[in-house]
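Peer 1: Sharing a structure below in structure tokens format, with a few things to ask.
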Amino acid sequence: MTESAPGLLLTPPPGFVGLPLHADERDTAAGIDSLTAKLVPHASEHAADLPRYVTWFAHLLAEKNIRLYGQFAVEVRDKAVLADLAAAVVPLDVDSDDQLVALRNHRDVVVAQLRQRYLAHHPHAHTTVTRLALGPAMVAVTAGEYRLPPDLTGHEAVLPRIAAEFQIPTPDGAHVVLLTASTAHDAACQSMLTAATRVANSVRVTRSQPDAAAATPSA
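See below:
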């Protein structure tokens, strides 16, 4: 059975610059125009191609159920470093109305199952269960690195990545909000996690309806 995905509301971190994706293509187009206008002054010779790149990226995000993507700055030793933030709404596997009711009434059980599933794929992650404004949630913190081959950069490059992921079952019992923040700076881990926790605690969902705005940052 398929339940319409709920709309997603959240309060982004201060200084967040991002791209919200909406069910209404006109709203998404307006978001693309707004983000492009902010980026063009910094795009130098690539400014003319920027709208096409941003539009392609928006469609790629939408295919992955991502509702919001962008960056914000965190302070580390009196210096600002960047962190990424993404939010998505994904469906849970629900086979019957009875199972849906059970998931609605026992979200703590859902969170425990989400944690077990995450650890099965990421055994070295640090995971906890917490309670946010929307309800119980699983939080996972991972540390890793990306290795870029020499043919891309002229030499082998190692990029660290520290990530925090929040998995929050929605009250309808049929979906999970995924909120992920990440940074390449080890020293920014705690500041990033604090900012991400504030965002996760601000998450609200609207009633499931096909024409609801897919993501709306709020002040």
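Heads up: the sequence shown begins at 5 in this note's numbering, then just goes up one per residue. Cβ atoms here follow ideal geometry from the backbone N, Cα and C, with glycine treated the same way.
Using DSSP with H/G/I as helix, E/B as strand and the rest coil, what is D88?
Peer 2: Note: D88 maps to strand in three-state DSSP.
Peer 1: Between T174 and V180, is the Cβ-Cβ spacing less than 8 Å?
Peer 2: A contact, by the Cβ cut-off of 8 Å.
Peer 1: Under three-state DSSP, which class holds S201?
Peer 2: The sequence as given places Thr at residue 201; Ser does not occur at that position. T201: helix per DSSP, three-state reduction.
Peer 1: Does DSSP put A4 in a helix, a strand or coil?
Peer 2: This structure gives no information on residue 4, because the portion of the chain shown stretches from 5 to 223.
Peer 1: Does DSSP put A129 in a helix, a strand or coil?
Peer 2: A129: coil per DSSP, three-state reduction.
Peer 1: Let me know if G11 comes out buried or exposed under the rule of 16 or more other beta-carbons within 10 Å of its beta-carbon.
Peer 2: By the 10 Å Cβ count, G11 comes out buried.
Peer 1: For the alpha helix (DSSP H) that L72 lies in, which residues bound it at each end?
Peer 2: From DSSP, L72 is part of no alpha helix (DSSP H) but of the beta strand (DSSP E) over I70 to V80.
Peer 1: When you compare each of A84, A191 and T184 to Y73 by their alpha carbons, which one comes out closest?
Peer 2: Checked all of A84, A191 and T184; the closest Cα to Y73 is T184.
Peer 1: Quick check on this structure: which residue in R211, A200 and L182 has the alpha carbon closest to the alpha carbon of A87?
Peer 2: Nearest option by C-alpha distance: A200.
Peer 1: Does the distance from the C-beta atom of Q75 to that of G22 stay below 8 Å?
Peer 2: Yes, the Cβ-Cβ distance between Q75 and G22 is below 8 Å.
Peer 1: Would you call A219 buried or exposed, if buried means 16 or more other Cβ atoms sit within 10 Å of its Cβ?
Peer 2: Reliability fails at A219, whose pLDDT of 47 lies under 50, so the model's placement of it is uncertain and the value that follows must be treated cautiously. A219 should be labelled buried.
Peer 1: L13 lies in the beta strand (DSSP E); which residues open and close that run?
Peer 2: Run containing L13: L12 to L14, per the beta strand (DSSP E) assignment.
Peer 1: Let me make sure I understand the geometry here. Which of G19, D99 and V207 has the alpha-carbon closest to that of G182?
Peer 2: According to the sequence displayed, residue 182 carries Leu and not Gly. Nearest C-alpha to L182: V207.
Peer 1: Compute the Euclidean distance between the alpha carbons of V80 and C193, then round it to the nearest angstrom.
Peer 2: Cα to Cα, V80 sits roughly 9 Å from C193.
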